[in-house]
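Take a look at the structure set out below.
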Amino acid sequence: MSPTTPQRPGMHSRNISSSSFASAFDVARSKLGELAFYEEDDDLPDISSSESAGSLSRDQSPSPSFEISDGGGSSPASPISPATDPTTPVVADPDVVDNFAFAFDIDGVLIRGGKPIPEAIEAMKVLNGENEYGIKIPYIFLTNGGGKFEVERCHDLSRQLEIDVSPGQFICGHTPMREFASRYGTVLVIGGEGEKCREVAEGYGFRDVITPGDIMKANEATAPFRQLTAAEHKNSRDLLAGRRGSKVTKLSDIVIEAIFVFADSRDWASDLQIILDVAQSKGGRLETRSETFDEGPPIYFSHSDVLWSAAHEHARLGMGALRNIVETVFTDTTGGKKLNTHAFGKPQVATFEFATRLLQQWRAAQHGLTESEPPATVYFVGDTPESDIRGTNAMNEKSKNEWYSILVKTGVYQAGTEPKYKPRRLVDTVLDAVHWGVKREMGRRGVKGGRKLSLDEKVQLGLV
Ligand SMILES: [Mg+2]
Numbered sequence: 001m002s003p004t005t006p007q008r009p010g011m012h013s014r015n016i017s018s019s020s021f022a023s024a025f026d027v028a029r030s031k032l033g034e035l036a037f038y039e040e041d042d043d044l045p046d047i048s049s050s051e052s053a054g055s056l057s058r059d060q061s062p063s064p065s066f067e068i069s070d071g072g073g074s075s076p077a078s079p080i081s082p083a084t085d086p087t088t089p090v091v092a093d094p095d096v097v098d099n100f101a102f103a104f105d106i107d108g109v110l111i112r113g114g115k116p117i118p119e120a121i122e123a124m125k126v127l128n129g130e131n132e133y134g135i136k137i138p139y140i141f142l143t144n145g146g147g148k149f150e151v152e153r154c155h156d157l158s159r160q161l162e163i164d165v166s167p168g169q170f171i172c173g174h175t176p177m178r179e180f181a182s183r184y185g186t187v188l189v190i191g192g193e194g195e196k197c198r199e200v201a202e203g204y205g206f207r208d209v210i211t212p213g214d215i216m217k218a219n220e221a222t223a224p225f226r227q228l229t230a231a232e233h234k235n236s237r238d239l240l241a242g243r244r245g246s247k248v249t250k251l252s253d254i255v256i257e258a259i260f261v262f263a264d265s266r267d268w269a270s271d272l273q274i275i276l277d278v279a280q281s282k283g284g285r286l287e288t289r290s291e292t293f294d295e296g297p298p299i300y301f302s303h304s305d306v307l308w309s310a311a312h313e314h315a316r317l318g319m320g321a322l323r324n325i326v327e328t329v330f331t332d333t334t335g336g337k338k339l340n341t342h343a344f345g346k347p348q349v350a351t352f353e354f355a356t357r358l359l360q361q362w363r364a365a366q367h368g369l370t371e372s373e374p375p376a377t378v379y380f381v382g383d384t385p386e387s388d389i390r391g392t393n394a395m396n397e398k399s400k401n402e403w404y405s406i407l408v409k410t411g412v413y414q415a416g417t418e419p420k421y422k423p424r425r426l427v428d429t430v431l432d433a434v435h436w437g438v439k440r441e442m443g444r445r446g447v448k449g450g451r452k453l454s455l456d457e458k459v460q461l462g463l464v
């Protein structure tokens, strides 16, 4: 660093504090209102109000009102702790802007059908300094998807986007579930491919993870139209042989304390059957049936997106659809009883608060910026009005700093329709979103484009 490099507060030795997602939920149980608005300026999105909202989804219920106390903080491997050694001073990069940042949804914004959206690679280059002003802009990723370890997903994303993505800048749908590992003993984990979600759950610290495969192996009559493949049968565990303690001699001795839907189900019919069996059990005991249907364990979904953007030209059904089916069929099969399930992920404001902490830690660990204050503006780029835009707008209402929603046309949202939750800006691609954010920031400071800024100018403009 040159002697003239401006010093930022807090850029020397810092202690990265870990924060509890669960405690954030305690604080953030406020209900999401109907936060549909346009920015009152001359940059209104080009959306015709005369067109229908399309078939995105039915109304989503407000954020679940549920009590979650502190789960004891993050584990040592928590992705909310940036990968950089927290005790190592990070030298501030004079090209990194301090007062704005980006956060990105992934599916339908950067990736579609396992392949990068072409403009996404270019957008990352712009953020990493390949822009006319010579600035670098911090960014994080916030996806509702999951089904892999965070580090694996970051590895995939790094390859797809041709950049290095760290778990310290990445949150996926089930990331917050790690904070429940110490709260529950035996849990049922649903979703994902093969044994992957069991491995992820055990990696989070869950001590006794049961899967639908284990239950079907123990009782082949569980799902009449589903037979485990030879590989599934081999990988599924023997529920009685492996139990600790001699008191467990039959399935009804096993108590499921909570159900976690980590990732999208690969077999909706049998997973639905098993979730409902446990939800209607006596206190979570396998193979039992409650007389009152109100003593099942809590059920957590990692998000509630009804639709998501995959390779098909039309959006595909997501975990939120399964959640709706579970609740509806529970009512249908219990004489009208209501089942309240819980969901993490966007649009929950707590998820965005979690993202704020991650961003501050990431900016400090990676770029040497001060950790105590968030950037004045975070541009959130998403493709799903019901989760990305709704959540960003709700966060903006609540937060001290500005959360600015940008909707792209490369995913769930269909161009020409009116989104149910209105973005501050509607653009074609993620590259347009990045250009817009940079242009808006420079416009605020009266900077004309076309040249690289000197360090003195960046300091004077309040960019660094
Ligand atoms: Mg998306």
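Residue numbers for the sequence shown follow full-length UniProt numbering, beginning at 1 and rising by one. Backbone N, C-alpha and C define an ideal beta-carbon position, used for all residues, glycine too. Please read all numbers here as calculations on a predicted model, not as lab measurements.
So, do the region 109-118 and the region 210-227 have three or more beta carbon pairs nearer to each other than 8 Å? no
Short of 6 Å in beta carbon distance, which residues of its chain neighbour L455, apart from the five on each side in sequence? Order them along the chain. The residue you call residue 455 lines up with position 455 of the sequence shown. These residues qualify, in order along the chain: P94.
Neighbour-count burial assignment, K136, 16 or more Cβ in a 10 Å radius: Within the sequence shown, the letter at position 136 stands for residue 136. Label assigned to K136: buried.
Please identify the residue among K337, G335, L142, N128 whose C-alpha is closest to the C-alpha of I163. By 1-based counting over the sequence shown, the position of residue 163 is 163. Measuring from the Cα of I163, the nearest candidate turns out to be N128.
K448 versus A123 - alpha carbon distance: As a first step, residue 448 must be located in the sequence shown, where it is residue number 448. As a first step, residue 123 must be located in the sequence shown, where it is residue number 123. Cα to Cα, K448 sits roughly 20 Å from A123.
Verify the contact flag: D383, CB atom, against every heavy atom of ligand 1, threshold strictly below 7 Å. Here residue 383 corresponds to residue number 383 of the sequence shown, with the count starting at 1. Answer for D383: yes, Cβ within range of ligand 1.
Where does L453 land, buried or exposed, given buried means 16+ other C-beta within 10 angstroms? For the purposes of this step, residue 453 is taken as residue 453 along the sequence shown, with counting starting at 1. So L453 counts as buried.
At a cut-off of 7 Å, is residue 488 close to ligand 1 when judged by its beta-carbon and the heavy atoms of the ligand? No information on residue 488 is available, as it lies outside the stretch 1 to 464 that the chain covers here.
If the criterion is Cβ atoms closer than 8 Å, does the pair G345 and S302 meet it? Residue mapping note: residue 345 aligns to position 345 of the sequence shown, counting from 1. Residue mapping note: residue 302 aligns to position 302 of the sequence shown, counting from 1. In contact: G345 and S302 (Cβ atoms closer than 8 Å).
Would G205 and S182 be called neighbours here (beta carbons separated by less than 8 Å)? Here the question's residue 205 lines up with position 205 in the sequence shown. Here the question's residue 182 lines up with position 182 in the sequence shown. Yes.
Between the beta-carbon of P297 and the beta-carbon of I259, is there less than 8 Å? In the sequence shown, the residue the question calls residue 297 occupies position 297. In the sequence shown, the residue the question calls residue 259 occupies position 259. A contact, by the Cβ cut-off of 8 Å.
Measuring CB atoms only, is the region 346-365 touching the region 279-287, in the sense that at least three cross pairs come out at less than 8 Å? no
In the structure shown, what three-state DSSP assignment does Y404 receive? Taking the sequence shown and counting its residues from 1, one reaches residue 404 at position 404. In this structure, Y404 counts as strand in the three-state DSSP scheme.
What does the Cβ neighbour count give for P76, buried or exposed, with the cut at 16 atoms within 10 Å? Taking the sequence shown and counting its residues from 1, the one referred to as residue 76 is at position 76. Note that P76 scores a pLDDT of 27, beneath 50, so its modelled location is shaky and nothing firm can be said.
Where E150 falls, given that 16 or more other Cβ within 10 Å makes a residue buried: Stepping through the sequence shown from its first residue, residue 150 is reached at position 150. The residue in question, E150, is buried, as its Cβ has 16 or more Cβ neighbours within 10 Å.
Under the three-state reduction of DSSP, which class applies to D105: helix, strand or coil? In the sequence shown, the residue the question calls residue 105 occupies position 105. Correct three-state label for D105: coil.
Given 8 Å as the limit, is there contact between the region 333-352 and the region 387-403, that is, 3 or more CB pairs closer than that? yes
Report the partner residues of I259 according to the DSSP bridge assignment. Within the sequence shown, the letter at position 259 stands for residue 259. According to DSSP, I259 bridges with L188, I299.
Please state whether the Cβ-Cβ distance between E441 and F100 is less than 8 Å. The residue you call residue 441 lines up with position 441 of the sequence shown. The residue you call residue 100 lines up with position 100 of the sequence shown. In contact: E441 and F100 (Cβ atoms closer than 8 Å).
Should D428 be listed as close to ligand 1, given that the test is whether its C-beta is under 7 Å from any heavy atom? In the sequence shown, counting from the first residue as 1, residue 428 sits at position 428. No, ligand 1 has no heavy atom inside 7 Å of this Cβ.
Does any heavy atom of ligand 1 sit closer than 7 Å to the C-beta of D264? As a working note, residue 264 is residue 264 in the sequence shown. Answer for D264: no, Cβ out of range of ligand 1.
Does the distance between the C-beta of V408 and the nearest non-hydrogen atom of ligand 1 fall short of 7 Å? Locating residue 408 in the sequence shown gives position 408, counting from the first residue. Not so, every heavy atom of ligand 1 lies at least 7 Å from the Cβ.
Quick check: the Cα distance between W268 and R198, rounded to an integer number of angstroms? To locate residue 268, count along the sequence shown from 1; it is residue 268. To locate residue 198, count along the sequence shown from 1; it is residue 198. Each residue's Cα considered, the two are about 17 Å apart.
Which of helix, strand or coil DSSP assigns to A343: Position 343 of the sequence shown holds residue 343. Of the three classes helix, strand and coil, the one that applies to A343 here is strand, per DSSP.
Three-state secondary structure (DSSP) at L127? For this step, residue 127 is matched to residue 127 along the sequence shown. Residue state, collapsed to three classes: helix.
In whole angstroms, what separates the C-alpha of R207 from that of K439? Start at 1 with the first residue of the sequence shown, and residue 207 comes out as number 207. Start at 1 with the first residue of the sequence shown, and residue 439 comes out as number 439. For R207 and K439, the distance between alpha carbons rounds to 50 Å.
Report all residues from its chain with a CB closer than 7 Å to the CB of P385; omit the five preceding and five following residues, and keep chain order. Here residue 385 refers to the residue found at position 385 when the sequence shown is read from its first residue. L56, L407, Y413, P419, K420, Y421.
Pick from G194, S270, E195 that is closest to A221, judged by C-alpha positions: As a first step, residue 221 is located in the sequence shown; it is residue number 221 there, counting from the start. For the residues G194, S270, E195, the minimum Cα distance to A221 belongs to S270.
Does DSSP classify R357 as helix, strand or coil? Counting from one through the sequence shown, the residue named residue 357 turns up at place 357. DSSP places R357 in helix when its eight states are reduced to three.
Can you tell me the Cα-Cα spacing of G191 and H233, whole angstroms? The count along the sequence shown starts at 1 and reaches residue 191 at position 191. The count along the sequence shown starts at 1 and reaches residue 233 at position 233. Cα to Cα, G191 sits roughly 16 Å from H233.
Can you tell me which residues form a DSSP beta bridge with T377? Counting from one through the sequence shown, the residue named residue 377 turns up at place 377. DSSP output for T377 lists F100, E402 as bridge partner(s).
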